[in-house]
Amino acid sequence: MPYDNFRLAKYLYSYNYIPVNYDGILIGTSASMNLDSSKIVNRNVYNLSIDGGNISESKLIADIAFSKGQFSLVVFTNHPYMIRDFGPKTPYLNPREYYGALGNIQLLKEYFHWAAARLDLYHNFYKVDENGVFDYEYHISSVTEFQSNPGPFDEEPSYIFDERALDEYKQL
Numbered sequence: 002m003p004y005d006n007f008r009l010a011k012y013l014y015s016y017n018y019i020p021v022n023y024d025g026i027l028i029g030t031s032a033s034m035n036l037d038s039s040k041i042v043n044r045n046v047y048n049l050s051i052d053g054g055n056i057s058e059s060k061l062i063a064d065i066a067f068s069k070g071q072f073s074l075v076v077f078t079n080h081p082y083m084i085r086d087f088g089p090k091t092p093y094l095n096p097r098e099y100y101g102a103l104g105n106i107q108l109l110k111e112y113f114h115w116a117a118a119r120l121d122l123y124h125n126f127y128k129v130d131e132n133g134v135f136d137y138e139y140h141i142s143s144v145t146e147f148q149s150n151p152g153p154f155d156e157e158p159s160y161i162f163d164e165r166a167l168d169e170y171k172q173l
């Protein structure tokens with residue numbers, strides 16, 4: 002996986018890798034990126050959550066995966082950020098990137114990273130497993146101070162959302 006651009010990697014994976022190797026997907030924002038989808042019993046679920054992603058990007062990637070494969074389980078996680086705005090946040094999620102990824106230097110580098118990962122040379126370096134899940138236990142263990150009473154929560158949070166994003170969420 003291109004470790005510097007998870008959004009593009011998940012877009013490219015949705016064409017073949019995810020539909021061929023998984024029977025379920027988890028869709029969400031960065032809030033659900035750390036959910037360990039390998040813990041879902043009797044299913045092989047890929048975590049398609051996107052860091053900083055909105056509904057437009059999630060829908061684009063999920064639609065490609067749905068068109069290429071059959072999934073017996075789809076998990077949606079809800080977060081107000083997903084419908085806060087509308088439209089892709091990056092110009093890279095397009096078919097040009099898919100065809101451009103075939104036979105380029107970046108692909109050769111990815112094969113090198115793949116081989117290094119299989120040889121366990123990156124153990125706990127990137128902290129992402131083959132299901133696209135971050136090693137949350139590493140981050141939790143690095144926290145030195147836990148605030149037991151973050152309170153008070155007197156105010157209801159106000160959520161901003163784009164109507165077009167909400168419509169796109171309903172379509173997905």
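The numbering used here puts the first residue of the sequence shown at 2, with every later residue one more than the last. Don't be surprised by glycine CBs; every beta carbon is placed ideally from N, CA and C. Computed from a predicted structure; not experimentally measured.
(request) Using beta-carbon positions only, say whether residue 13 and residue 99 come within less than 8 angstroms of one another. (result) yes
CB of residue 50 within 8 angstroms of CB of residue 28, strictly:
yes
task = Assign residue 94 to one of two classes, buried (16 or more other C-beta atoms within 10 Å of its C-beta) or exposed (fewer than that).
result = buried
Can you tell me where the alpha helix (DSSP H) holding residue 160 begins and where it ends?
Looking at the DSSP string, residue 160 is not in any alpha helix (DSSP H), and its letter there is neither H nor E.
Taking the alpha-carbon positions, what's the residue 24 to residue 103 distance? 25 angstroms
**Message:** Measuring only the C-alpha atoms, how far is residue 83 from residue 72?
**Reply:** 22 angstroms
> Beta carbon of residue 66, beta carbon of residue 19: below 8 angstroms?
Replying inline: yes
_Three-state secondary structure (DSSP) of residue 47_ = strand
>> Are the CB atoms of residue 36 and residue 17 within a distance shorter than 8 angstroms?
In response: no
I'd like to check one pair, residue 52 with residue 31: are the Cβ atoms closer than 8 angstroms?
yes
Could you tell me if residue 7 is buried or exposed, where buried requires 16 or more neighbouring beta carbons within 10 angstroms of its beta carbon? buried
Should residue 143 go down as buried or exposed, given a rule of 16 or more other Cβ atoms within 10 Å for buried? Caution applies to residue 143, whose pLDDT of 48 falls short of 50 and renders its modelled position unreliable; the model cannot decide the point.
If you follow the beta strand (DSSP E) that residue 75 is in, where does it begin and where does it stop? 74 to 77
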